[in-house]
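> Before I ask anything, here is the structure I am working with.
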Amino acid sequence: MSLAAILMTVLGVLWIGGGSVWLLTRRRYKLVQVPSFLMDLVGFPVEYAQSIWGRGGVPYALLLPNMLIFGLFTFVPMILNFYVSFTGGTSILLFNRPWVGLQQYADIFSCETIFEPRTCSNAGFSFWKGMFNTLWFVVIQVPVLCVVALVTALVVNKNIRGRGFWRAMFFYPVMLSPVVIANIWNWVLHRKGVLNEMIGGTRDQLSAMAGMTGFDIVVTVLLAVVLMVVSERALRSSDTPSLAWTAIFGALLALLFAWANPLSLIGLGGSIWLGGALALGLVLIVSGESRHARIAIIVAGILSAALLISIQFDAVFDFGRYRPINWLVQPNTGWPFFWLVFVFTWSHMGFYMLILLAGLQAIPSDLYEAARMDATRPARAFWRITLPLIMPTLTVVLVLALIRSFQIFDEVYLLTGGGPGRETFMIVQNIYEVAFTNQSKDYGEGAAGSVLMAVVIAIFTFFQLWITRRQSEL
Amino acid sequence: MLNRLSTFLTRTAGNKDTAERFGMADVLAYGYLLLGVLIVLVPVLWTFFSSIKPERAVDSFDTRLLPIAQVQTEIEGIGTKPEWIHEAEDGGERKVFKAGPTRKETDVAPIDDPGDVFKVPRTQLRPSEEIRVATENYLDPLLKRHGQENFTFGIYLFNSVFVTVMATLITLIINAMAAFALSKYRFRGRLTFTILIVATLLIPSSIILVSLFFVVWSFGIFGSLWGVIIPAAATPTGVFLLRQYMLTIPDELLEAARMDAASEWRIFWRIVMPLSLPALSVLAILSVIWRWNDFLWPLIVLISDPEKHTIQLGLTQYAGEFDTDFHYILAMTVVSLIPITLVFVWLQRFITTGIATTGLK
Numbered sequence: 063m064s065l066a067a068i069l070m071t072v073l074g075v076l077w078i079g080g081g082s083v084w085l086l087t088r089r090r091y092k093l094v095q096v097p098s099f100l101m102d103l104v105g106f107p108v109e110y111a112q113s114i115w116g117r118g119g120v121p122y123a124l125l126l127p128n129m130l131i132f133g134l135f136t137f138v139p140m141i142l143n144f145y146v147s148f149t150g151g152t153s154i155l156l157f158n159r160p161w162v163g164l165q166q167y168a169d170i171f172s173c174e175t176i177f178e179p180r181t182c183s184n185a186g187f188s189f190w191k192g193m194f195n196t197l198w199f200v201v202i203q204v205p206v207l208c209v210v211a212l213v214t215a216l217v218v219n220k221n222i223r224g225r226g227f228w229r230a231m232f233f234y235p236v237m238l239s240p241v242v243i244a245n246i247w248n249w250v251l252h253r254k255g256v257l258n259e260m261i262g263g264t265r266d267q268l269s270a271m272a273g274m275t276g277f278d279i280v281v282t283v284l285l286a287v288v289l290m291v292v293s294e295r296a297l298r299s300s301d302t303p304s305l306a307w308t309a310i311f312g313a314l315l316a317l318l319f320a321w322a323n324p325l326s327l328i329g330l331g332g333s334i335w336l337g338g339a340l341a342l343g344l345v346l347i348v349s350g351e352s353r354h355a356r357i358a359i360i361v362a363g364i365l366s367a368a369l370l371i372s373i374q375f376d377a378v379f380d381f382g383r384y385r386p387i388n389w390l391v392q393p394n395t396g397w398p399f400f401w402l403v404f405v406f407t408w409s410h411m412g413f414y415m416l417i418l419l420a421g422l423q424a425i426p427s428d429l430y431e432a433a434r435m436d437a438t439r440p441a442r443a444f445w446r447i448t449l450p451l452i453m454p455t456l457t458v459v460l461v462l463a464l465i466r467s468f469q470i471f472d473e474v475y476l477l478t479g480g481g482p483g484r485e486t487f488m489i490v491q492n493i494y495e496v497a498f499t500n501q502s503k504d505y506g507e508g509a510a511g512s513v514l515m516a517v518v519i520a521i522f523t524f525f526q527l528w529i530t531r532r533q534s535e536l
Numbered sequence: 138m139l140n141r142l143s144t145f146l147t148r149t150a151g152n153k154d155t156a157e158r159f160g161m162a163d164v165l166a167y168g169y170l171l172l173g174v175l176i177v178l179v180p181v182l183w184t185f186f187s188s189i190k191p192e193r194a195v196d197s198f199d200t201r202l203l204p205i206a207q208v209q210t211e212i213e214g215i216g217t218k219p220e221w222i223h224e225a226e227d228g229g230e231r232k233v234f235k236a237g238p239t240r241k242e243t244d245v246a247p248i249d250d251p252g253d254v255f256k257v258p259r260t261q262l263r264p265s266e267e268i269r270v271a272t273e274n275y276l277d278p279l280l281k282r283h284g285q286e287n288f289t290f291g292i293y294l295f296n297s298v299f300v301t302v303m304a305t306l307i308t309l310i311i312n313a314m315a316a317f318a319l320s321k322y323r324f325r326g327r328l329t330f331t332i333l334i335v336a337t338l339l340i341p342s343s344i345i346l347v348s349l350f351f352v353v354w355s356f357g358i359f360g361s362l363w364g365v366i367i368p369a370a371a372t373p374t375g376v377f378l379l380r381q382y383m384l385t386i387p388d389e390l391l392e393a394a395r396m397d398a399a400s401e402w403r404i405f406w407r408i409v410m411p412l413s414l415p416a417l418s419v420l421a422i423l424s425v426i427w428r429w430n431d432f433l434w435p436l437i438v439l440i441s442d443p444e445k446h447t448i449q450l451g452l453t454q455y456a457g458e459f460d461t462d463f464h465y466i467l468a469m470t471v472v473s474l475i476p477i478t479l480v481f482v483w484l485q486r487f488i489t490t491g492i493a494t495t496g497l498k
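See the structure below:
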């Protein structure tokens with residue numbers, strides 16, 4: 063029998079037996095009061111504490127079980143982590159582990175330079191590879207998660223039909239387990255999966271359509287008309303341009319850039335990114351209430367006219383045959399990493415959205431009414447009322463998201479397993495593999511990794527808190 | 138008239154005074170929601186629709202929505218054969234089966250006359266299809282038929298439910314006790330205890346993984362379900378959530394009970410617990426989500442004994458073992474998302490408003 067079993071038996075006998083005797087000698091219970099008796103029995107230690115020390119002893123008795131578990135399963139391991147990281151060998155018995163001093167840390171740091179994991183020893187390579195991948199992941203994931211959650215919260219907070227349903231829908235993935243999520247996305251992202259099928263189908267249809275005679279003329283004219291209408295709507299009101307219409311205009315502009323591909327004239331790719339950046343810049347200028355917003359839209363309109371004309375001369379409509387991508391396996395494409403960010407956002411966004419939603423709903427509505435009285439535009443109201451007032455909630459969300467994405471393990475382990483190669487190999491997976499799945503279970507190494515990871519998380523959190531504090535003061 | 142019609146069509150929710158005209162911003166909002174449906178719901182529904190497809194359709198990555206299967210016919214003296222439709226050049230159609238290997242010119246024979254073998258070009262053949270829900274995807278692993286004996290769903294479900302229910306009960310009781318002590322008593326060390334609990338909030342579980350393993354091992358609960366239940370039972374989040382709520386309970390109530398000579402435990406159980414039911418139920422829901430979806434720690438503690446696997450572990454093992462049997466994996470994925478989905482549909486309003494009003498994780 064194990065130590066715990068003996069302990070539990072003794073405790074159980076004392077609690078139930080002793081407690082029953084103690085209670086029955088002091089109080090009278092009728093037969094219908096059996097539930098009441100059981101309830102008293104559960105709280106017997108508290109009752110006992112009260113009878114010995116009076117009311118002053120009660121809070122300690124109430125705190126005891128919680129603090130016991132915190133102590134044994136959080137604080138003790140926290141300290142023990144340091145000890146284990148100074149020991150070597152593969153034994154599970156603590157007193158059987160030889161003291162090796164800083165050897166484990168030295169292994170991890172035995173690199174020519176830690177910024178180039180290739181130059182490290184095996185242990186160092188895994189650790190630093192995992193660490194840098196995780197840092198990259200956090201740097202990309204946290205802003206993406208916060209922005210998506212904020213946008214979703216804003217949309218759900220609008221005066222729309224079926225708010226409850228939408229809120230529930232965005233929250234639903236949070237309820238799903240990582241295994242289910244991984245299986246679902248594995249199925250969707252498979253090389254022959256539905257995503258590739260959809261992309262391929264759309265592309266074939268576009269190619270077929272583009273092959274028709276007169277297609278480019280019709281589309282150009284159509285696009286020109288749509289652009290004119292949209293830019294007119296954006297500029298219609300007398301003072302500042304409409305943000306919503308500008309957003310649509312921006313989207314069309316980005317599309318036009320992707321199509322006309324102006325950078326190919328000077329032999330460069332990436333027009334689609336340039337277009338996206340320009341569109342984003344336009345939207346930011348308009349939302350920021352800049353005095354040059356109208357001019358910016360007009361310039362963008364002239365630019366789009368020029369692009370439309372350039373299409374006439376240089377229309378290339380060959381999308382070519384689509385070769386399905388193995389989204390989660392193809393090395394050196396960045397796609398596995400992208401889908402990891404995507405799936406992580408997909409599965410965690412709902413939770414942060416709810417927190418932000420609570421923050422949004424706590425903003426008093428008379429502020430918005432006052433703004434409306436002053437004919438403040440919605441974009442201005444967002445920057446001047448919503449954002450400053452949501453800032454405390456957003457800070458909380460930032461910190462939570464940071465700690466959460468630093469510990470990413472389940473999704474990666476189940477979706478890509480750290481691959482292809484070590485492209486998506488994260489730090490927690492490194493600790494898990496070193497300590498629990500490798501042939502020789504190197505607990506010391508794992509513990510040393512955990513200590514270093516704790517240091518990095520602490521630095522990150524404090525840095526972030528410091529930055530956000532500075533921002534909210536300004 | 139037209140004007141009124143367009144006003145009617147473009148109005149938004151609200152009464153006469155609060156409703157606004159349906160503007161461009163609303164179009165964008167609904168567009169975003171539509172995108173949300175596409176990204177959030179469609180993959181889940183797609184998985185469900187795929188899981189009821191027959192094995193062949195799943196293996197060939199048939200992307201049609203409905204579960205379409207090739208008709209299998211029992212032919213006397215030959216056995217069960219997939220049915221094809223031969224489309225002759227004159228437009229006549231005949232149900233046939235392949236009597237030989239598929240070549241450019243394939244040997245086929247009509248279903249109703251198996252002896253009459255003739256050659257047709259492969260291009261004139263198309264599969265004879267029917268809509269059939271492949272219940273075997275679900276029933277084979279669940280009933281352990283056809284060699285699918287490795288997915289012991291009953292055991293997994295029991296383990297998962299046991300862990301979830303036990304951990305949630307323990308969490309609720311001990312967290313409520315701690316919260317009660319911290320919110321309703323003045324005693325030496327109250328601040329120390331509060332700070333200690335804040336500190337645990339800052340210690341992520343994954344950095345104490347290795348040494349927690351040592352602790353759990355030395356307690357002898359490694360490899361048992363209790364090794365998963367106990368270490369995570371005390372949650373700082375829960376203590377804080379409940380403490381904030383209990384601070385709003387008036388002290389007069391407790392004083393009145395003390396006048397009636399109620400013991401402190403009875404005050405806790407009879408007055409404080411019922412009054413903090415809203416916060417308790419939020420914590421219960423959070424705890425259920427955490428425990429049910431927990432993966433890394435059960436993976437370390439329980440992986441070696443298949444009898445102790447939770448649903449998550451069982452599904453992982455199963456998916457790893459049969460990397461190609463997608464139809465079973467998909468079906469079991471759907472089976473394991475059903476319980477939590479039902480809970481969610483049943484309690485969704487409550488869950489979303491509860492978490493939104495009480496906040497943090």
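Chains A and B, in that order, give the protein sequences.
Number 105 in the numbering used here belongs to position 43 of the first sequence; there are no gaps in the numbering.
Number 330 in the numbering used here belongs to position 193 of the second sequence; there are no gaps in the numbering.
Heads up, the beta-carbon is just placed ideally off N, CA and C, and yes, glycines get one too.
All values reported here derive from a predicted model rather than from experimental measurement.
Given a cut-off of 8 Å, decide if A320/A and I310/A are closer than it, judged by their beta-carbon atoms.
Along the first sequence, read from residue 1 onward, the residue named residue 310/A stands at position 248. Along the first sequence, read from residue 1 onward, the residue named residue 320/A stands at position 258. Result no, Cβ atoms of I310/A and A320/A do not sit closer than 8 Å.
> Let me see if you follow: with CB-CB separation under 8 Å, is P341/B close to chain A or not?
As a working note, residue 341/B is residue 204 in the second sequence. By this cut-off, P341/B is an interface position.
> Flag this pair as yes or no: are the beta carbons of P264/B and P204/B separated by less than 8 Å?
As a first step, residue 264/B is located in the second sequence; it is residue number 127 there, counting from the start. As a first step, residue 204/B is located in the second sequence; it is residue number 67 there, counting from the start. No, Cβ-Cβ distance for P264/B and P204/B is not below 8 Å.
> Quick one: using the 10 Å Cβ neighbour count with 16 as the cut-off for buried, is V517/A buried or exposed?
The sequence position of residue 517/A within the first sequence is 455, counting from 1. The residue is exposed, with fewer than 16 neighbouring Cβ atoms inside 10 Å.
> Does the Cβ of I529/A have 16 or more other Cβ atoms within 10 Å, making it buried, or fewer, making it exposed?
Within the first sequence, the letter at position 467 stands for residue 529/A. Exposed, because fewer than 16 other Cβ atoms sit within 10 Å of the Cβ of I529/A.
> What does the Cβ neighbour count give for L342/A, buried or exposed, with the cut at 16 atoms within 10 Å?
Reading the first sequence from its first residue, position 280 is the one you call residue 342/A. With fewer than 16 Cβ atoms within 10 Å of its Cβ, L342/A is classed as exposed.
> Measure the alpha-carbon distance for D376/A versus T282/A and round it to whole angstroms.
Within the first sequence, residue 376/A is the residue found at index 314, counting from 1. Within the first sequence, residue 282/A is the residue found at index 220, counting from 1. Because the pLDDT at D376/A is just 48, under 50, the model does not fix this residue reliably, and the value given afterwards should be weighed accordingly. Taking the straight line joining both Cα atoms gives about 12 Å.
> Quick check: V365/B and P435/B, are their CB atoms within less than 8 Å of each other?
Locating residue 365/B in the second sequence gives position 228, counting from the first residue. Locating residue 435/B in the second sequence gives position 298, counting from the first residue. Yes, the Cβ-Cβ distance between V365/B and P435/B is below 8 Å.
> For a test of the three-state rule: what should DSSP assign to F234/B, helix, strand or coil?
For this step, residue 234/B is matched to residue 97 along the second sequence. Looking at F234/B - three-state DSSP - the assignment turns out to be strand.
> Could you give the C-beta distance for P127/A and G412/A, rounded to a whole number, given that I count them as a contact under 8 Å?
Indexing the first sequence from 1 puts residue 127/A at position 65. Indexing the first sequence from 1 puts residue 412/A at position 350. Contact flag wrong, Cβ pair sits at about 32 Å.
> Have a look at K445/B, P191/B and L414/B and flag the residue whose alpha-carbon is nearest the alpha-carbon of I268/B.
Residue 268/B sits at position 131 when you count from the first residue of the second sequence. Comparing Cα-Cα distances from I268/B to each of K445/B, P191/B and L414/B, the minimum goes to P191/B.
> What residues match up with K256/B in a beta bridge as DSSP calls it?
By 1-based counting over the second sequence, the position of residue 256/B is 119. BP columns for K256/B point to D244/B.
> Take every Cβ of the region 456-470 of chain A, pair it with every Cβ of the region 222-232 of chain A, and state whether three or more of those distances are shorter than 8 Å.
Judged by Cβ distances under 8 Å, the region 456-470 of chain A makes no contact with the region 222-232 of chain A, as fewer than three pairs qualify.
> Specify, as a first and last residue, the run of the alpha helix (DSSP H) that A340/A falls within.
Within the first sequence, residue 340/A is the residue found at index 278, counting from 1. Correcting the residue type first, residue 340/A is Leu in the shown sequence and not Ala. S333 to S349 is the span of the alpha helix (DSSP H), which, as asked, contains L340/A.
> On the criterion of 16 or more Cβ atoms from any shown chain inside 10 Å, does T385/B qualify as buried, or is it exposed?
Along the second sequence, read from residue 1 onward, the residue named residue 385/B stands at position 248. With fewer than 16 Cβ atoms within 10 Å of its Cβ, T385/B is classed as exposed.
> Return no unless some Cβ of chain A is closer than 8 Å to the Cβ of F234/B.
The count along the second sequence starts at 1 and reaches residue 234/B at position 97. For F234/B, the answer is no, since every Cβ of chain A falls outside 8 Å of its Cβ.
> CA-CA distance, N158/A and W354/B?
Counting from 1 along the first sequence, the entry for residue 158/A is found at position 96. Counting from 1 along the second sequence, the entry for residue 354/B is found at position 217. Those two C-alpha atoms are separated by around 14 Å.
> Using 8 Å as the limit for Cβ to Cβ distance, is R117/A near chain B?
Along the first sequence, read from residue 1 onward, the residue named residue 117/A stands at position 55. Yes, R117/A counts as interfacial toward chain B.
> For E259/A, return the contacting residues in chain B, with the cut-off set at a CB-CB distance below 8 Å.
For this step, residue 259/A is matched to residue 197 along the first sequence. What E259/A touches in chain B: F198 and T200.
> Against M161/B, what residues of chain A qualify as contacts under a CB-to-CB distance less than 9 Å, listed in chain order?
The residue you call residue 161/B lines up with position 24 of the second sequence. In chain order: R295, S304, L305, A306, W307, A309 and I310.
> Can you tell me which of the three DSSP states A272/A falls into?
The residue you call residue 272/A lines up with position 210 of the first sequence. Helix.
> 8 Å is my cut-off, CB to CB: does G357/B come that close to chain A?
Counted from its first residue, the second sequence places residue 357/B at position 220. For G357/B, the answer is yes, since a Cβ of chain A falls inside 8 Å of its Cβ.
> When the cut-off is 8 Å and only beta carbons count, does P191/B lie next to chain A?
Within the second sequence, residue 191/B is the residue found at index 54, counting from 1. Not one chain A Cβ lies under 8 Å of P191/B.
> Pop quiz: K445/B and S361/B are said to be a contact at Cβ under 8 Å. What is the actual Cβ separation, rounded to whole angstroms?
Numbered from its first residue, the second sequence carries residue 445/B at position 308. Numbered from its first residue, the second sequence carries residue 361/B at position 224. Confirmed, about 7 Å.
> Could you tell me the distance, in whole angstroms, from the CA atom of V474/A to the CA atom of G511/A?
Indexing the first sequence from 1 puts residue 474/A at position 412. Indexing the first sequence from 1 puts residue 511/A at position 449. The alpha-carbon atoms of V474/A and G511/A are separated by roughly 19 Å.
> Which chain A residues are close to V376/B, counting only those with a beta carbon under 8 Å from its beta carbon?
Here residue 376/B corresponds to residue number 239 of the second sequence, with the count starting at 1. Within 8 Å Cβ-Cβ: N128.
> Since I believe I334/B is in contact with V376/B (beta carbons under 8 Å), could you give me their beta-carbon distance rounded to a whole number of angstroms?
Your numbering for residue 376/B matches position 239 in the second sequence. Your numbering for residue 334/B matches position 197 in the second sequence. The Cβ separation is near 5 Å, so the contact holds.
> Chain B partners of E537/A, CB-CB under 9 Å?
With chain A covering 63 to 536 only, the question about residue 537/A has no answer from this structure.
> Just list the residues that DSSP pairs R263/B with in beta bridges.
Locating residue 263/B in the second sequence gives position 126, where the first residue counts as 1. Looking at the DSSP assignment, R263/B forms a beta bridge with I222/B.
> Suppose you measure from the CA of G133/A to the CA of F148/A; what does that come to, to the nearest Å?
The sequence position of residue 133/A within the first sequence is 71, counting from 1. The sequence position of residue 148/A within the first sequence is 86, counting from 1. Between G133/A and F148/A, the C-alpha separation is close to 22 Å.
> Given that T312/B touches chain A, what residues does it touch there, using C-beta distances under 8 Å?
In the second sequence, the residue the question calls residue 312/B occupies position 175. For the sequence presented, residue 312/B should be read as Asn rather than Thr. What N312/B touches in chain A: N128.
> Which partner residues of Q207/B appear in the DSSP bridge assignment?
The residue you call residue 207/B lines up with position 70 of the second sequence. Answer is E266/B.
> Rounded to the nearest angstrom, what separates F177/A and L450/B at their Cα positions?
Here the question's residue 177/A lines up with position 115 in the first sequence. Here the question's residue 450/B lines up with position 313 in the second sequence. Cα to Cα, the separation comes out at about 36 Å.
> Taking S188/B and N274/B to be in contact with their CB atoms under 8 Å, please state how far apart those CB atoms are, rounded to whole angstroms.
Your numbering for residue 188/B matches position 51 in the second sequence. Your numbering for residue 274/B matches position 137 in the second sequence. S188/B to N274/B, Cβ: 6 Å. Contact.
> Expressed to the nearest angstrom, what Euclidean distance is found between the alpha-carbon atoms of T196/A and F487/A?
Working through the first sequence from its first residue, we reach residue 196/A at position 134. Working through the first sequence from its first residue, we reach residue 487/A at position 425. Looking at the two C-alpha atoms, the distance is approximately 8 Å.
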